[in-house]
Amino acid sequence: MAREMIDEIRRAETQAEAVQAGAQERAQEILRKAQEDAAAIIQEMTKKAREDADRARENAKEECCRMLEAAGMEERAEAGRLEAAASDRRGQAVDAVLSALM
């Protein structure tokens with residue numbers, strides 16, 4: 006009877022060790038899978054962040070080009086106004102000189 010109890014205890018211990026080893030292996034597998042998933046998520050987030058940054062950079066370049074074009078148009082318009090004003094002043098100066106000579 007005592008021998009049977011000892012054998013039963015040993016079987017239970019062996020079974021418990023096997024269950025524990027299986028649980029440990031399963032825990033390692035879960036950890037490995039979680040690490041792989043985390044790496045994939047980080048990679049995807051990094052890729053998306055790069056794409057977003059590239060898109061923002063392109064949008065900024067386009068906006069810069071539009072602003073430069075608008076500034077150029079404004080500059081050309083101002084140059085035209087100044088040229089017209091200078092031409093008008095030259096005409097007034099010529100008229101004044103001719104008036105003084107007559």
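For what it's worth, this note's numbering labels the leading residue of the sequence shown as 6, then goes sequentially.
Even glycine gets a Cβ: it sits at the ideal position worked out from N, Cα and C.
For M50, the three-state secondary structure derived from DSSP is helix. Excluding residues up to 5 positions away in sequence, nothing lies with its Cβ nearer than 8 Å to the Cβ of E56 in the same chain. In the same chain as R15, and ignoring 5 residues on each side of it, no C-beta atom comes closer than 8 Å to its own.
DSSP places M107 in the coil class of the three-state scheme, outside both helix and strand.
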